[in-house]
Structures are given as C-alpha cells and as structure tokens.
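For the sequence shown, counting from 1, position 4 maps to 238 in this note's numbering; every step adds exactly one.
All C-beta atoms in this analysis are idealised placements derived from N, C-alpha and C, irrespective of residue type, glycine included.
I have placed the structure first, in the form of structure tokens, so that the comments after it can refer back to it.
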Amino acid sequence: MMAMPLGLAAADTLVGISVRAAAAISGLVAMALAARVRSRAALDVGLLTVLGSLIGFAPWLWQWPPVIALGWVALTAPVSRRLLGPNPDGTRSWRAWAPLGRPDPATWLLTAVTILASASALLAWAWLADLDTPVRRAFLEQLNELPIWVVAAWLVAFPLVNAAVEEIIYRGVVQGALQQTLGKATWAVLLQAVVFGGAHYHGNPGGFAGVVLATGYGAMLGVIRLRSRGLLAPWIAHVCADITIAVVLLSLLAQQF
C-alpha cells in the first residue's frame, strides 16, 4: 500500500495538529513505560510513534515510510542502550524485528492467494472508485513534472523499498511487540492490521474504503508473517500489491496528462 506526501495528505488543521500531538504524547508515554518495565518492544513502538508524529509537523518532509524507518533505525540503538542498557545478545534491537523466516509450502500457497486477492481488489477499486480526487491529482502532477527516468526509477524502487519498510514497521515491530506484550498472536495480528489500515487513510487506495481494504490486507499479511515466522513471504506479497498500485497510478497519469 502507498502513502501520500504529507503536504498533500492533510492540511495543518486544528484537528490534524491535535491528532499528531496526541500521537506524539502517547509515544512518549509508551517510551516512559518501556523504561519502567524494561520492555524493548514497547520502546521501539513508542519511538516509531514519536518519529511519525514529529514528521507530521514538518510539511517540507516527504511522509513516506523510509523517512520514519531510517530515523528509527538510527535512533533505536542509542535510545534503547540509554534507557534499558545493552541488549543481552549484543545486537541492535531493530534487527530482531526483521527475520526472513522459513515459509512452508502451505504458507507459499497462502501468499499466492493473497497476491491474487489483493490484485483483484485493487483493480476493482481502480475500476469502480472515483480516482480523480484533488490529493491524487496533485500527486500525479508532481509525477508528471519529473523526468521519465526518475518516474521509471520510482516504479522499480517504490514497490521494493516501501514494502520492505512497511513490513518491518507493521508486521515486524508492531506485530512482534504486540505479540510479545499481549502473549496472544490473534490479537497482535488484528491490532497491527487496524493500525496499518488507519495509516493508509490518505494513501492509495484512500478514504474509508481504503482503510477497510488496507486493514483486511494487513490482517492477511500478519497471518503470513505469523505462519512463516519472518518477513520474506509478506514482503513478496506486499511488493506485488505495490506494483499493482504503481501501474494503476501510471495508467492514470497517462490518461490525464
């Protein structure tokens, strides 16, 4: 799934500022609780929340998951060491959230079904929904102003990078932390799916329909991550979905410009 640039995604309304401020405060509270109970999982989630919220106050920054992820990777080790001390195994805490896993044949079959289902849903969305929205038009205008080689590079890099970063964040950090904290895999899968869906309100697809689609898709990816015990299989499924979205947007670009 794909997120829009922050400047296009939401104006700095009072509601938007309040939501981002509340998210930042909740992230700081999570970090404080993490330090108190010595939970690296809660610390990682809290730090991610704070970074995502702070980026929301900087409209000149591109709200694309790599921005948040790179900041998190850069900060999580020193912050974790400062608040909780060194990791017992001597590794950086973020590495524990990104295992490749070992998918069995049944999991690969589930991955293939997920790819087909998501592609069908996205194509149905492209066929039925009104794609000519102000936010999406502004995004396409930005693409249209770029050199063709940049657009081609985006078409290749976006699915690979975006899928990797979102899988590390949602199926890695968030789902892993929830499962470690709650002890219930089912709740971890469902809750990370809700967070994943809500984060795509301004994405492609967007709106409430996009949230529903992204939530269901996030749940499917969460199950794949749980079965495979890693991120390789859900990443492959996510790449395929992002390729579908990129192709839809480029076809829209060709039609309108």
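Item: Start and end residues, alpha helix (DSSP H) containing residue 407; Value: First-last for residue 407: undefined, no H or E at that position.
Item: Minimum C-alpha distance to residue 409 - residue among 425, 346 and 395; Value: 425
Item: Three-state class that DSSP yields for residue 435 in the structure shown; Value: coil
Item: DSSP-derived helix/strand/coil call for residue 294; Value: The predicted position of residue 294 is uncertain, since its pLDDT is 46 and thus under 50; a value taken from the coordinates is nonetheless stated next. Coil.
Item: Whole-angstrom C-beta distance between residue 465 and residue 333, which should lie under 8 Å; Value: 7 Å
Item: Residue range of the unbroken alpha helix (DSSP H) whose run includes residue 444; Value: 441 to 462
Item: Residue range of the alpha helix (DSSP H) that includes residue 401; Value: That residue, residue 401, is in no alpha helix (DSSP H); it is neither H nor E in DSSP.
Item: Check whether residue 444 and residue 451 have beta carbons under 8 Å apart; Value: no
Item: 6 Å Cβ shell around residue 348 - same chain, five flanking residues per side excluded; Value: 454 and 471
Item: Distance, residue 456 Cα to residue 273 Cα; Value: 22 Å
Item: As assigned by DSSP and simplified to three states, the class of residue 278; Value: helix
Item: Close-in-space but distant-in-sequence residues of the same chain around residue 398 (CB under 7 Å, 5 per side omitted); Value: 469
Item: Integer Cβ distance of residue 360 from residue 482, believed to fall under 8 Å; Value: 5 Å
Item: Residue 297, buried or exposed, once every other Cβ within 10 Å from all chains shown has been counted against 16; Value: Unreliable placement is indicated for residue 297, whose pLDDT of 47 sits below 50; the coordinate value is still reported in the next sentence. Residue 297 is buried by the Cβ-count criterion.
Item: Own chain residues within Cβ distance below 7 Å of residue 283, not counting five before or after; Value: 257, 260, 261 and 264
Item: Local conformation of residue 261 per DSSP, three classes; Value: helix
Item: Straight-line Cα distance separating residue 404 from residue 429; Value: 8 Å
Item: For residue 389 and residue 480, believed in contact at Cβ under 8 Å, the rounded distance; Value: 5 Å
Item: Euclidean distance between Cα positions of residue 475 and residue 375; Value: 23 Å
Item: CA-to-CA distance, residue 416 to residue 277, given in whole angstroms; Value: 15 Å
Item: Proximity of residue 427 and residue 413 at Cβ, strictly below 8 Å; Value: no
Item: Simplified DSSP assignment, three categories, for residue 468; Value: helix
Item: Span separating the alpha-carbon of residue 345 from that of residue 458; Value: 7 Å
Item: Beta-carbon proximity list for residue 342, same chain, < 8 Å, skipping 5 on both sides; Value: 467
Item: Proximity of residue 431 and residue 446 at Cβ, strictly below 8 Å; Value: yes
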